[in-house]
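The listed protein sequences derive, respectively, from chains A and B.
So for the first sequence, my numbering puts the first residue at 31; every next one is plus one.
So for the second sequence, my numbering puts the first residue at 31; every next one is plus one.
Glycine residues also receive a C-beta, built at the ideal position from the N, C-alpha and C atoms.
Below you'll find the structure, written out as structure tokens, and then a few comments.
Number of protein chains: 2
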Amino acid sequence: MTLSAVEILRSQSLPMVLEQEIERVILSGEFAPGDRINEKELALRFGISRGPIREALRSMDSSGLVEQVPNRGFFVRQLSAEQACDVYDVRAALFGLAGKLLAERITEEGIEKLKSFIADMDAAVASDDFESYVKINFEFHEFIVAGGRNASLAQQYLGLVKQLRLYRARSLMHRESMQASHIEHHAMAEAIIARDPARALATHTRHVEAAKERLMATVTDLK
Amino acid sequence: MTLSAVEILRSQSLPMVLEQEIERVILSGEFAPGDRINEKELALRFGISRGPIREALRSMDSSGLVEQVPNRGFFVRQLSAEQACDVYDVRAALFGLAGKLLAERITEEGIEKLKSFIADMDAAVASDDFESYVKINFEFHEFIVAGGRNASLAQQYLGLVKQLRLYRARSLMHRESMQASHIEHHAMAEAIIARDPARALATHTRHVEAAKERLMATVTDLK
DNA sequence: AGAATGTAAATTGTCAACAATTTTCACTGA
DNA sequence: TCAGTGAAAATTGTTGACAATTTACATTCT
């Protein structure tokens, strides 16, 4: 059921749209972590006044994408290696919960969908198609989180993933880690298909922890 | 090390202070869940214009305390029983992580502090002093979360606790559950003192899950 | 040359007014 | 009686202007 154009405009206020746009600008890397955000410049760019811009930025402050310093303005949030580790740990806990809930609640059709994700990634790994793998991998994780049917969890988790993109503002996955990561996917899927919540919790948590370790192994300044 | 008055004023902007004030008004129950928030009224109350009020509300929207409906304004967020359960599940996962981290990182002095919390609550339970128990219990939980030394975790966790106060806007703990709750505290403390992360994870997660079940047992409309 | 100082420019913080939308409520007609 | 209608009032959304603060930079002094 798709909403009509007018419905969308009704449900989306200007600052809400702005939020998505500014988010896009930041996550695209145009504004780098640590950069100061000039309100006037943004207002000019979108052809509106500073009021809605500030509202959108205040909202993004709460969700951890920007930081406000009184009288100095908004800055794109910068994540240190330690902070990124912290976020990864929280993400691991939440993803574990998502796996557990999914194991409890998944439907037969869900299991079929899950299997097709795994098969598609199998193919991508076999043909060393990194681009496809990253794309499917992303959808796979979204599927798991959405399948937990817990709006609070989904919101928090997605917020953390956005925050992590601020760390080094670059890809969170490297080609070399593709196979190792996918082996974990198999263990996760097995637990879900077996509808084993405890095992799903463990495998899903471990998957994010491993991703953290793989990423941190590539940086030198980890204290 | 306490900040000087001028330091505090430097670090706190008007909308930031407003946020705390409005939060206080909401959590105190003066504005009930579902109530519409009149911007003009708040502006008049604090003697300022609507701009900073709106900024503060936008921020609170992101953290889940209010909801904005385009052209209709801000409403105090209302949590259904199902939504409260969802939040509890997320909180349980985060608190489990806090326990795990604390078990890994707690100092000797931390362990002494932990023991004194337990002793104080033992005394409160023994003398059936519910008021004291609630107060110490709150500080005990804050201590655990802070001890995890993970800012992201602490922020998310505290946000969820605030959200839960919107459910029935009333006490999340009843006198009858004091003893049951405290038995769990002992198990948690044992795991921490033993510096056993896995057991800490399990006992802390279970503690919040049990709190959820105790609360939900008192309401009838749980689907 | 380099640090310190003072002034101008730029930027953020706040406000009051206006436009757009929703809500209220008296009125009408079946 | 009550659903429908339509203006009036109230409320939200947005803007441009002004005040407060910070930043940039040229000047001075050591």
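Does the CB of B:Pro45 have a neighbour CB from chain A at under 8 Å? The beta carbon of B:Pro45 falls within 8 Å of a beta carbon belonging to chain A, placing the residue at that interface.
Return yes when the Cβ of A:Leu144 is within less than 8 Å of the Cβ of A:Ile222, no when it is not. Cβ atoms of A:Ile222 and A:Leu144: closer than 8 Å.
With 16 other Cβ atoms within 10 Å as the buried cut-off, status of B:Phe104: If you draw a 10 Å sphere on the C-beta of B:Phe104, you find 16 or more other C-beta atoms in it, and that means buried.
Taking only beta-carbon positions, decide if B:Leu127 is within less than 8 Å of chain A. Residue-level contact by beta carbon holds for B:Leu127 and chain A, with a gap shorter than 8 Å.
Where B:Gly91 and A:Tyr197 are concerned, what is the direct C-alpha to C-alpha distance, given to the nearest angstrom? In the sequence under discussion, the amino acid at residue 91 of chain B is Asp, which differs from the Gly named in the question. Looking at the two C-alpha atoms, the distance is approximately 25 Å.
Looking at chain A, is there any beta carbon in it that lies within less than 8 Å of the beta carbon of B:Gly81? Under the Cβ distance rule, B:Gly81 counts among the residues neighbouring chain A, one pair being separated by less than 8 Å.
Can you pull the chain B neighbours of A:Val117, defined as C-beta to C-beta under 7 Å? What A:Val117 touches in chain B: Ser182.
Using the beta-carbon count (16 or more within 10 Å), is A:Lys130 buried or exposed? Flag for A:Lys130 reads buried.
Can you look up B:Glu60 in the DSSP assignment and give me helix, strand or coil? It is coil, neither helix nor strand.
What does a CB cutoff of less than 7 Å around A:Val96 pick up in its chain, not counting 5 residues either side in sequence? Non-local beta-carbon contacts of A:Val96 in its own chain, meaning distances under 7 Å to residues more than five positions away in sequence, involve Ile67, Leu87, Met90, Phe104, Phe105, Val106 and Arg107 in chain order.
If we cut at 8 Å on Cβ distances, does B:Glu37 have a partner in chain A? Below a pLDDT of 50, predicted positions are generally treated as unreliable, and B:Glu37, at 49, falls in that range; the measurement from the model is reported next regardless. Taking Cβ atoms only, chain A never reaches closer than 8 Å to B:Glu37, which makes this a no.
Quick check on B:Pro63 - is its C-beta less than 8 Å from some C-beta in chain A? Residue contact check for B:Pro63 against chain A: no CB pair falls below 8 Å.
I'd like to know whether the C-beta of B:Asp159 is nearer than 8 Å to at least one C-beta of chain A. Contact of B:Asp159 with chain A is not assigned, every C-beta pair being separated by 8 Å or more.
Pop quiz: B:Phe147 and B:Phe170 are said to be a contact at Cβ under 8 Å. What is the actual Cβ separation, rounded to whole angstroms? Indeed they touch by this definition, with Cβ atoms about 5 Å apart.
Using a Cβ-Cβ distance under 8 Å, would A:Arg84 count as near chain B? Closer than 8 Å: yes.
In chain order, each alpha helix (DSSP H) run of at least 4 residues that lies wholly inside the segment 183 to 249 of chain A: With a minimum length of 4 residues, the continuous alpha helix (DSSP H) runs that stay inside the segment 183 to 249 of chain A are 208 to 223 and 227 to 247.
For a cutoff of 8 Å on Cβ pairs, would you count A:Pro100 as touching chain B? Using a Cβ-Cβ cut-off of 8 Å, A:Pro100 counts as an interface residue toward chain B, since at least one Cβ of chain B sits closer than that to its own.
Skipping 5 residues on each side, what residues in its chain have a beta carbon closer than 6 Å to that of A:Ile174? So the qualifying residues of the chain are Ala128 and Leu132.
What is the C-beta distance between B:Gly126 and A:Ala123, in whole angstroms, given that I count them as a contact (C-beta under 8 Å)? Contact flag correct, Cβ pair sits at about 7 Å.
On a Cα-Cα basis, can you pick out the residue from B:His237, B:Ala247 and B:Thr248 that is closest to B:Val120? Closest by alpha carbon: B:His237.
Beta-bridge pairing of B:Val96 - partner residues as DSSP gives them: According to DSSP, which records beta bridges pairwise, B:Val96 is partnered with B:Val106.
Whole angstroms is fine: what's the gap from A:Ser79's alpha carbon to A:Lys70's? The alpha-carbon atoms of A:Ser79 and A:Lys70 are separated by roughly 8 Å.
Between the segment 219 to 232 of chain A and chain B, which residues of the former have CB atoms less than 7 Å from a CB of the latter, in chain order? Close to chain B, meaning a Cβ-Cβ distance shorter than 7 Å, is no residue of the segment 219 to 232 of chain A at all.
Look at B:Gly94 and B:Gln185 and say whether their C-beta atoms are less than 8 Å apart. B:Gly94 is not a Cβ neighbour of B:Gln185, given a cutoff of 8 Å.
May I ask you to list the residues that DSSP assigns as paired with B:Ile67? Its beta-bridge partners are B:Phe104.
Run down chain A in chain order and give the residues with a C-beta less than 8 Å from the C-beta of B:Gln50. Close to B:Gln50, with beta-carbon spacing below 8 Å, lies no residue of chain A; the smallest spacing is near 13 Å.
Alpha helix (DSSP H) segment containing A:Arg179, residue limits: It is not in any alpha helix (DSSP H) - A:Arg179 carries neither H nor E in the DSSP assignment.
Identify whether A:Asp158 lies in helix, strand or coil by the three-state DSSP scheme. A:Asp158: coil per DSSP, three-state reduction.
Of all the residues that make up the segment 185 to 209 of chain A, which are near chain B by a beta-carbon distance shorter than 7 Å? Residues of the segment 185 to 209 of chain A whose Cβ lies closer than 7 Å to any Cβ of chain B, in chain order: Gln186.
With a threshold of 8 Å between beta carbons, is A:Val164 in contact with chain B? Chain B, which has no Cβ nearer than 8 Å to the Cβ of A:Val164, makes this no.
For the putative contact between B:Ala62 and B:Val249, defined by C-beta atoms under 8 Å, what is the C-beta separation to the nearest angstrom? That belief does not hold up - the Cβ atoms of B:Ala62 and B:Val249 are roughly 17 Å apart, past 8 Å.
Taking the alpha-carbon positions, what's the A:Tyr118 to A:Arg244 distance? About 12 Å.
Thinking B:His234 and B:Met218 are a contact (beta carbons under 8 Å), I'd like their distance in whole angstroms, please. That pair is a contact at about 6 Å.
Taking a contact to mean a Cβ-Cβ separation below 8 Å, would you say B:Met151 touches B:His215 in this structure? In this structure, B:Met151 lies near B:His215, with their beta-carbon atoms less than 8 Å apart.
So A:Gln42 contacts chain B; which residues on that side make the cut at Cβ distance below 8 Å? Within 8 Å Cβ-Cβ: Pro100.
Thinking just about the alpha-carbon of each residue, which of B:Leu44, B:Glu172 and B:Lys165 is nearest to the one in A:Asn101? Nearest C-alpha to A:Asn101 among B:Leu44, B:Glu172 and B:Lys165: B:Leu44.
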